[in-house]
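Numbering (my numbering), first residue to last: 1114 to 1250.
One structure is given below, encoded as structure tokens.
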């Protein structure tokens, strides 16, 4: 059941200049590396939340390439979380914000991403979805 879980939406963003590059966000607050994501607001569906969060955090407009499996995890602030994820492609990399609030945004080659992600559960998730997104590289 998902009623008591915090709902979030996010994306694995591929570069429009070189689709083998993936955008990661380094949080200045949490000091971690992860994919752009955020809370689903009241009255908002997951896909709209993903587009909004990606735009807010990165400045990018994106097109969906595929829906990915949900990523479920726990943290001390939000409790149980269900994160719906998409693989998307940037429409124009030149629109990328260099930073968002205290966060930095950096493109990495897809084979570096698992080593850079901070959380082991997120590394595992990335490695599980990598075969399904590699057709877009």
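Even for Gly, the Cβ is constructed at its ideal location relative to N, Cα and C.
All of these numbers come straight from a predicted model, not from anything done at the bench.
Can you name, in chain order, every residue of its own chain whose Cβ lies under 6 Å from the Cβ of residue i, other than the five neighbours on each side?
i, result
"residue 1193", "1118, 1187"
"residue 1064", "In the structure as shown, the chain begins at 1114 and stops at 1250. Residue 1064 is therefore absent and cannot be evaluated."
Take residue i as the anchor and find which of the options has the nearest alpha-carbon.
i, options, result
"residue 1214", "1205, 1229, 1139, 1207", "1139"
"residue 1136", "1244, 1210, 1240", "1210"
"residue 1190", "1143, 1244, 1163", "1143"
"residue 1248", "1158, 1120, 1202, 1145", "1202"
"residue 1241", "1195, 1231, 1183", "1183"
"residue 1180", "1163, 1230, 1225", "1163"
"residue 1172", "1149, 1229, 1145, 1199", "1149"
"residue 1158", "1196, 1239, 1227", "1196"
"residue 1199", "1145, 1141, 1146, 1246", "1246"
Keeping to the same chain, check which residues put their C-beta closer than 7 Å to that of residue i; ignore five residues upstream and five downstream.
i, result
"residue 1206", "1128, 1129, 1130"
"residue 1133", "1222, 1223, 1250"
"residue 1231", "1145, 1146, 1147"
Please report the residue range of the beta strand (DSSP E) in which residue i lies.
i, result
"residue 1180", "1175-1180"
"residue 1186", "1184-1188"
Would residue i and residue j be called neighbours here (beta carbons separated by less than 9 Å)?
i, j, result
"residue 1177", "residue 1122", "no"
"residue 1154", "residue 1124", "no"
Just to confirm the assignment, what range does the alpha helix (DSSP H) spanning residue i have?
i, result
"residue 1130", "First-last for residue 1130: undefined, no H or E at that position."
"residue 1240", "1233-1246"
So, at 8 Å on beta carbons, what are the nonlocal neighbours of residue i in its own chain, with the 5 sequence-adjacent residues on each side left out?
i, result
"residue 1126", "1135, 1136, 1148, 1149, 1167, 1171, 1173, 1175, 1201, 1202, 1203"
Practice problem: May I ask you to verify whether the segment 1210-1219 touches the segment 1230-1245, counting CB pairs closer than 8 Å and requiring at least 3? | Solution: Short answer: they don't touch.
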